[in-house]
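Protein chains in written order, with the numbering used here: chain A, 121 to 246; chain B, 121 to 246.
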DNA sequence: GATATGGGTTTCCTTTTGGAAAGTAGTTTC
DNA sequence: GAAACTACTTTCCAAAAGGAAACCCATATC
């Protein structure tokens, strides 16, 4: 019999575990969310800062992604009393609880990247 | 100055870290991949088994998702010498290295779910 | 009043994703 | 040779995602 993957003593296909994973994926989906979170980790940013730093994103997508991140409590939005008005975005404490996931994804992705490279170079040696 | 999230001594927005996270997300994207992986963790499965167990998936999507998982080395495909021909899908050893990510995502998702529930019930108490 | 900056929203369009149903192909069963 | 089973692939369509450009509102500048 094939061995199974267990998470907290439950097999991974336990429906509640799969649902939980889907919930997490839903919050991080879209083309830009992780890049935005990464950008904000470097410090609080205003809308235009983000648009400049997140290469390629348009105002519409930036606005939409920020709204979703805010609704989910991962990013905060603060209107500053400046002239003209500026808006500051920041990672929340809750957003920082994503760190373990991001760490594991970064680790795995780097490992995967070097594995892919190796198989391109050495897959058919000689 | 706002504190930053660090992963292995690098700030999360380090481009290579973000790229690695994107790589990982790309492999797990789509509506069904995680469910398929979860299903296969319960044991090897044939095409029709998967179509029965992954509720709601159609043959086209199942085929496509399995191909992508196979290309990325997460799932193996074995044609068995039966009549009629059957095909067995299984998680690879490499696919099992996703476990830490899946564990963190399951943990976070469950925490998130209970937090959302709590805020629905107790957000405005009394 | 024309222009610029900040922070968006709206419109229109294309691309991508995903689903239902039918078709393909090999083999066995009747 | 018609039907059924496994394992897909193809076609056709609808919905969602995403992008470019224009537009809106406020303030300030020239």
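Heads up, the beta-carbon is just placed ideally off N, CA and C, and yes, glycines get one too.
Item, Value
"Where the beta strand (DSSP E) containing residue 90 of chain B begins and where it ends", "Examination of residue 90 of chain B is not possible in this model, given that chain B is present from 121 through 246 alone."
"Per-residue contacts from residue 226 of chain B into chain A (C-beta, under 7 Å)", "127, 137, 140 and 141"
"Buried versus exposed, by CB contacts within 10 Å (16 or more), residue 187 of chain A", "exposed"
"Residue 236 of chain A: first and last residue of the uninterrupted alpha helix (DSSP H) it sits in", "219 to 242"
"Exposure label - residue 184 of chain A; buried when at least 16 CB within 10 Å", "exposed"
"Stretch-stretch touch, CB-based, cutoff 8 Å, three pairs: the region 126 to 138 of chain B with the region 224 to 231 of chain A", "yes"
"Integer Cβ distance of residue 204 of chain B from residue 161 of chain A, believed to fall under 8 Å", "The pair is not a contact, with the Cβ atoms about 54 Å apart (cut-off 8 Å)."
"Delimiting residues of the beta strand (DSSP E) encompassing residue 198 of chain A", "195 to 200"
"Spatially closest choice to residue 143 of chain A from A:238, A:218, A:226 and A:242, by CA coordinates", "A:218"
"Residue 238 of chain A versus residue 202 of chain A: straight-line alpha-carbon distance, rounded", "53 Å"
"Where the alpha helix (DSSP H) containing residue 132 of chain A begins and where it ends", "Note, residue 132 of chain A: premise wrong, no alpha helix (DSSP H); not H, not E."
"Minimum C-alpha distance to residue 190 of chain B - residue among B:174, B:148 and B:176", "B:148"
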